[in-house]
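First comes the structure, then the notes that go with it.
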Amino acid sequence: MEQLPHFQTFRSQTINSQIINSQTINSLGIDGVLSPTCHYRISDQDLLKGYEIMTLTRLVDERMITLQRQGLISFALSSFGEEACAVASAAALNFCDWMYPQYREPGVMFYRGWSIQEYIHQMFCNSHDLNLGHQMPNHFGAKSLNVVTVSSTIATQIPHAAGCAYAMKLQGEKSVAIAYFGDGGTSEGDFHAGLNFAAVRKVPAIFFCRNNGYAISTPVSKQFASDGVAPKGIGYGIATFRVDGNDYYAVHEITAKAKGLCLEGKGPVLIEAMTYRRGAHSTSDDPSLYRKETEVKEWEAKCPILRLKRHLMIKGLWDDKQDAAMIEKISQEISLSIDVAKAAPAPPLQSLFEHVYFQS
Amino acid sequence: MPIMNMIQSLNLTLHQEFARDDKLLTFGEDVGAFGGVFRVTAGLQEKFGEDRCFDTPLCEQGIIGFGIGIAQKGLKPICEIQFADYIFPAYDQIVNELAKMRYRSGGQYCAPLVIRTPYGGGIHGGHYHSQSPEAQFLHTPGLKVVVASSPYDAKGLLTAAIRCQDPVLFFEPKRIYRQIKEEVPMEEYEIPLGVAKIQTMGHEADLQATLIGWGAQHHQNMEAAKQLNISHGIGIEVINLRTLNPLDINAITCSVQKTGRCLIAHEAPKTQGFGAEIAALVMEHCFLSLEAPVARCCGLDIPFPNALEADYLPDAARVVQAMLDLIRY
């Protein structure tokens, strides 16, 4: 069996199943060159949008961490280094597909059209926050985008996505539900409950695991003794793929393929996206206590944003000048949005009692 | 009007509501072809198909989590937890997800599902087929909590729960599933959530106390009130709360202000039981009307026992004694 240099934490083993790839699916090289074995094509327009949304996500994340350090917001966490997981999978789905993100998928909100301003209002938990300030920062969601509001509890959204997909099947819709979660989430009972229910009822659900190496400080080696997450999908009789989560092409292709399988009535799909949490878990965390800086550096080279940028440049779709102009424009919009959010009042006192129960 | 037991009236309600609204589905352990271990879902799969009435894996957190997703997408699940004692693997899904879905999204998302679960003691079920865990859910805003106590009430309350826009926890006292029979109308009707039922035992002029209960305990309370009236000439207002959230606090305060005494009886252990909350509310609302401290007659502060179950339960004899102590205070 071929070794998987990117993911040294994992053994690689052959698993007999209908679809499992014992190899991690990898299309786009670190140098931005598309593998000759990759025949999947994404339109230039979609590639450029994906690059812009990933860059925007990174820039917003960075500024939010700074804001927290300045004491302007109470909390922040980022998806540093994992942007392709959310953005490429969102790009491969349609608007009618329901999303059940965790808190590390801000990219899906931006991809589906949330403005920087709307995101930052939520980070400030002010009167413009759709959640009415009821939740912490990074707990986004919008009914208008078919993205279900995040909760802090880990993995609880997995059976929800299974149930939503079952309803879609009964309603005769040609859509899927996707749940996002991390490697740590796979140890929760809800992961197993959700996958098992989905498999037994053959629902059109995609379970997208970002295996980013850590659950706060706990490394995957202390999380499970299995060969990563993929074998768990196989165990439940679910079509399973392991993909390079920092590869925009591979994540896009596998998500599209997963949706195709779902709509063919083949039941749910598990995707294990191999990535790395380059940032701290959150602003309440200090990763220097449990991991080496060299490890983080190693993954900087595998940055999904840089990889796609190199690819766009090779294709002649992008240059440094355009890049600088885009970053400048996004940065200005972030600054402006922060000013607006900062000036906005806290939610009104009466909102404390709103939406506990149905209000006619 | 046909005479039915509670199983029959619940089953009739499900059949009627399923026929009325094709968005309804029900699932849980053994609810499909078998019709549930207590037969409440009998015939539904045959009549409405396997998509709408099905067996699930043996996993309570999955049953509720799956139901939440279905409800969010606009269908109406009625989830069965086989025994209330087995609801705890789903506790996180119920208190952190189901109860907070509307609040945490600022009203964008909701999951108005119904959880039906047989509950309470009296069937020689030991620790794990006898408990009354209502207080553990009443401490969570966002959930409505109903306890039926007769075939007639069960039909009206379940209909209201199914049509409610909020999640409802519907407790069914299994001890009286088949014990009590009464006339139940074939036509649809709702008993609004939050309205208690009051029965007076004795003459208005002899009223000396209010006795509050719910579920199977209500029948012990009625028996106790009858004995107190016949043997001691004491008039009692017996309140069957029927729904614990929303709570009919108006019915309670009106009664206690009139009678001056209040005894609460429930099967769950006394400490931190819902009786404690009612006692506090009576103290707040009726302090100047009280002739004696509010009293409680409850299950013992021990795990629910098996061989000596009858000694654990606050039966009519214990309620009579507690009431006499209260009146002689």
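These protein sequence lines are chains A and B, in that order.
When we follow this note's numbering, the leftmost residue of the first sequence carries the number 1, and every step to the right adds one.
When we follow this note's numbering, the leftmost residue of the second sequence carries the number 1001, and every step to the right adds one.
Backbone N, C-alpha and C define an ideal beta-carbon position, used for all residues, glycine too.
Residue from the options with nearest C-alpha to residue i
i	options	result
L265/A	S288/A, K143/A and V203/A	Checking the sequence, you will find Gly at residue 265/A rather than Leu. Taking only the C-alpha atoms, the option nearest G265/A is V203/A.
E1060/B	P1303/B, A1019/B and E1080/B	E1080/B
I1198/B	I1064/B, D1248/B, K1155/B and T1056/B	D1248/B
A258/A	Y236/A, N131/A, L77/A and I178/A	I178/A
M370/A	G81/A, A301/A, I206/A and E118/A	Residue 370/A is absent from the model: chain A starts at 1 and stops at 360.
V1146/B	M1001/B, A1216/B, A1322/B and N1250/B	A1216/B
R63/A	G113/A, I234/A, A86/A and F124/A	F124/A
L261/A	S217/A, W299/A and A199/A	A199/A
R278/A	Q70/A, L289/A, L56/A and C303/A	C303/A
L56/A	I238/A, V176/A and I120/A	I120/A
V229/A	I238/A, N211/A, D244/A and G237/A	N211/A
K1355/B	P1192/B, I1123/B and R1163/B	Given a span of 1001 to 1329 for chain B in the structure shown, any question on residue 1355/B remains unanswerable.
S1255/B	R1296/B, T1243/B and A1209/B	A1209/B
K1100/B	T1140/B, A1205/B and F1054/B	T1140/B
L336/A	E118/A, D227/A, T294/A and A86/A	E118/A
R1020/B	M1004/B, G1032/B, F1048/B and V1037/B	F1048/B
K329/A	I116/A, F80/A and F95/A	I116/A
Identity of the residues DSSP links to residue i by a beta bridge
i	result
D1055/B	G1028/B
V1319/B	Answer is none; V1319/B lacks a bridge partner.
Y100/A	A179/A
V1145/B	L1169/B and N1245/B
G962/B	This structure cannot settle anything about residue 962/B, because the visible part of chain B is limited to 1001 through 1329.
G1235/B	L1207/B
A215/A	T218/A
V147/A	M99/A and A142/A
Bounding residues of the beta strand (DSSP E) (the contiguous stretch that carries residue i)
i	result
F1170/B	V1168 to P1173
A1295/B	A1295 to G1299
A57/A	Going by the sequence as given, residue 57/A is Thr instead of Ala. Counting along the chain, T57/A falls outside any beta strand (DSSP E), though it belongs to the alpha helix (DSSP H) covering D44 to R69.
V243/A	A239 to D244
R1116/B	V1114 to Y1119
A273/A	V269 to M274
K1076/B	K1076 to E1080
Which of helix, strand or coil DSSP assigns to residue i
i	result
P1314/B	coil
H380/A	Only positions 1 to 360 of chain A appear in the structure, and residue 380/A is not among them; the question remains open.
K1100/B	coil
M1006/B	helix
Y111/A	helix
R201/A	helix
H1266/B	strand
P1205/B	At residue 1205/B the sequence reads Ala, which differs from the Pro that was named. The answer is helix: DSSP assigns A1205/B an H, G or I state.
I206/A	strand
V1037/B	coil
E188/A	coil
N21/A	The pLDDT assigned to N21/A is 47, lower than 50, so where the model puts this residue is not dependable, and the model offers no usable value.
E1183/B	strand
L28/A	strand
L34/A	strand
D1085/B	helix
P1305/B	coil
E1050/B	coil
Enclosing alpha helix (DSSP H) for residue i [first to last residue]
i	result
Q1199/B	Q1199/B -> not in any alpha helix (DSSP H); beta strand (DSSP E) instead, spanning K1197 to M1201.
D320/A	D320 to A343
A346/A	Run containing A346/A: none; DSSP gives neither H nor E here.
M1001/B	Premise fails: M1001/B is in no alpha helix (DSSP H) and is neither H nor E.
F224/A	Counting along the chain, F224/A falls outside any alpha helix (DSSP H), and DSSP gives it neither H nor E.
F85/A	In the sequence under discussion, the amino acid at residue 85/A is Cys, which differs from the Phe named in the question. Unbroken alpha helix (DSSP H) run through C85/A: E83 to A92.
K174/A	Per DSSP, K174/A belongs to no alpha helix (DSSP H) and is neither H nor E.
H252/A	Y248 to L263
H1285/B	F1274 to C1286
H121/A	I116 to F124
I1063/B	E1060 to Q1072
R1163/B	P1151 to R1163
Margin query: Using 8 Å as the cut-off, can you tell me whether the segment 245-252 of chain A makes contact with the segment 179-187 of chain A, which would need three or more C-beta pairs spanning the two stretches below that distance?
Written below: At 8 Å Cβ cutoff, the stretches do not touch.
Margin query: Measuring CB atoms only, is the segment 84-102 of chain A touching the segment 336-355 of chain A, in the sense that at least three cross pairs come out at less than 8 Å?
Written below: With a cut-off of 8 Å, the segment 336-355 of chain A and the segment 84-102 of chain A do not count as touching, because too few Cβ pairs lie within range.
Check: Are the segment 217-231 of chain A and the segment 27-42 of chain A touching, with three or more C-beta to C-beta distances below 8 Å?
Finding: Under the Cβ criterion (8 Å, minimum of three pairs), the segment 217-231 of chain A does not count as touching the segment 27-42 of chain A.
Note to self: Does the segment 130-143 of chain A come into contact with the segment 101-112 of chain A, if we say contact requires no fewer than three beta-carbon pairs (one atom in each stretch) closer than 8 Å?
What the structure shows: By the criterion of at least three beta-carbon pairs nearer than 8 Å, the segment 130-143 of chain A is in contact with the segment 101-112 of chain A.
Next item on the list: Decide yes or no for the touch test of the segment 1297-1308 of chain B against the segment 1111-1130 of chain B: beta carbon pairs closer than 8 Å, at least 3 of them.
Entry: Short answer: they touch.
Check: Should the segment 1270-1286 of chain B be called in touch with the segment 1221-1236 of chain B, which here means at least 3 C-beta pairs below 8 Å?
Finding: They do not touch, by the three-pair rule.
Notebook entry, point to check: Can you find at least 3 beta carbon pairs, one from the segment 1173-1188 of chain B and one from the segment 1007-1014 of chain B, that sit closer than 8 Å?
Noted result: Yes: the two stretches touch, three or more of their Cβ pairs being nearer than 8 Å.
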